[in-house]
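> 163 is the number that the UniProt record's numbering gives to position 163 of the sequence shown; each next residue is one higher, with no gaps.
Positions of the beta carbon are idealized from the N, C-alpha and C atoms, including for glycine.
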Amino acid sequence: MIYPKFLSSNSTIGVPAPSDGAYCKEYINRFQHAKSEFEKMGFSVQLSSSLFQSEKGRSNHAVARAEEINTMFENNVDAILCAAGGEFLLEILPYVNFEKLVKNPKWVEGFSDPTGLLFPITTKYDIATIYGNNFKSFGMDPYHKSLLDNLEILKGNLITQNSYDLFEQERAEKITGLEPYHLTDKVYWKSLDKKEVNVSGRIIAGCIDIITELAGTRYDGVRDFNEKYKEDGIIWCFDNCELSKESLIRTLWKLNDMEYFKYTKAIIFGRNGMDRSYFDYDMEHTLLDSVLSKLNIPIIYDADISHKGPTMTIINGSIATIHVENGKGSISFTLT
1 MIYPKFLSSN STIGVPAPSD GAYCKEYINR FQHAKSEFEK MGFSVQLSSS
51 LFQSEKGRSN HAVARAEEIN TMFENNVDAI LCAAGGEFLL EILPYVNFEK
101 LVKNPKWVEG FSDPTGLLFP ITTKYDIATI YGNNFKSFGM DPYHKSLLDN
151 LEILKGNLIT QNSYDLFEQE RAEKITGLEP YHLTDKVYWK SLDKKEVNVS
201 GRIIAGCIDI ITELAGTRYD GVRDFNEKYK EDGIIWCFDN CELSKESLIR
251 TLWKLNDMEY FKYTKAIIFG RNGMDRSYFD YDMEHTLLDS VLSKLNIPII
301 YDADISHKGP TMTIINGSIA TIHVENGKGS ISFTLT
């Protein structure tokens, strides 16, 4: 696994908009505030020209969005922090020159739709990526501890992240655009068999809505990734944004049939972004009725890797050590 150089105090962060951009004045304010906060920390920030645009969920046309990425792959930015999520990042993949990143590895971080970039970078090109926060999250005021944890990891301080106390069931109304998490509900990590979990393995995290779209395409490197790291065993970490419980059951069947879980040692699910079911499924019974119940491995759910923030920072491609007990969870990383 190739691990890019971590950030130092004078590093330059590139912010492309490979999916959506700012579609309202509140988000423009949020992006500007994020830039200001990074600059206060001593970083230089290069914002893409598309960042303050949005048309039908796209910051720009596909080729332009890809060229922003290609330019940042080859120029002197030290890390790439995707601006925001969205719906249509996959459109840019035919125009992304991943070989430029291979020649000049650097951290690429994103959340949700940017899975479309992170997943092929790690599974096909063996370069570690970060499933953490988008640039937009760093525009909140004040920062939640999860953002401070994210910054520590970007700087190479591989702290152990512990589950947070509260999460937001519903997002706060946008007034200024700088709103922090609306923390209302108690965090409680669960394991499907109700047992304590202690497991280590090579981790890969992302938005399952996007992973299932990539599965079987030329941007899917899971087969080779699994074979290369089968001695470590694989830990999957799935963030479900919009799939109904029924869609999730079907998606897990598909991924299992494609041998995604061939060498899997554990699977983690975050809190579902949308809790939808046509047959009154809760998450426990969704997993019990899925193919995962036959794998005889730890299945963790309601973890802090979620569209219902806060979210932990995951180094895709690293060795992760996971502990879950009495509703609390922790994750640490080793770079080998």
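1) Provide the residue span of the alpha helix (DSSP H) that contains residue 64, from first to last.
2) Can you tell me which of the three DSSP states residue 96 falls into?
3) Run through DSSP, which three-state label would residue 236 get?
4) Go ahead and label residue 24 buried or exposed: buried means 16 or more other beta carbons lie within 10 angstroms of its beta carbon, across all protein chains shown.
5) Just to confirm, are residue 248 and residue 217 a CB contact at a threshold of 8 Å?
6) To the nearest angstrom, how far is the alpha carbon of residue 114 from that of residue 336?
7) Tell me whether residue 323 sits in a helix, a strand or coil according to DSSP, three-state version.
8) Report buried or exposed for residue 250, applying the criterion of at least 16 other Cβ atoms within 10 angstroms of its Cβ.
9) For the alpha helix (DSSP H) containing residue 30, list its first residue and its last residue.
10) Distance, Cα to Cα, residue 205 vs residue 314?
11) Return the first residue and the last residue of the beta strand (DSSP E) that residue 107 is part of.
12) If you check the beta carbons only, do residue 241 and residue 112 fall under 8 Å apart?
13) Tell me whether the segment 89 to 103 and the segment 25 to 43 touch, counting them as touching only if at least three CB pairs, one residue from each stretch, are closer than 8 Å.
14) Rounded C-beta distance between residue 50 and residue 64? I'm assuming under 8 Å.
15) Helix, strand or coil, according to DSSP, for residue 286 in the structure here?
16) Can you have a look at residue 264 and say buried or exposed, based on whether 16 or more other CB atoms are within 10 angstroms of its CB?
17) Which of helix, strand or coil does DSSP assign to residue 301?
18) Looking at residue 7: is its Cβ nearer than 8 Å to the Cβ of residue 100?
19) Find out if the Cβ-Cβ distance for the pair residue 191, residue 300 is shorter than 8 Å.
20) Considering just the uninterrupted stretch of the alpha helix (DSSP H) at residue 336, what are its terminal residues?
21) Can you tell me the Cβ-Cβ gap for residue 243 and residue 208, rounded? I've got them flagged as a contact below 8 Å.
22) Exposed or buried, residue 311, counting other C-beta atoms within 10 Å across all chains shown (16 or more means buried)?
Considering the structure as presented:
1) For residue 64, the enclosing alpha helix (DSSP H) stretches over residues 62 to 74.
2) Correct three-state label for residue 96: coil.
3) strand
4) exposed
5) Not closer than 8 Å, so no.
6) 24 Å
7) strand
8) Under this definition residue 250 is an exposed residue.
9) Run containing residue 30: 25 to 40, per the alpha helix (DSSP H) assignment.
10) 7 Å
11) 107 to 110
12) yes
13) no
14) 6 Å
15) In the three-state reduction of the DSSP assignment, residue 286 falls in the helix class, which pools H, G and I.
16) buried
17) strand
18) no
19) yes
20) Secondary structure note for residue 336: it is in no alpha helix (DSSP H), with a DSSP letter that is neither H nor E.
21) 7 Å
22) buried
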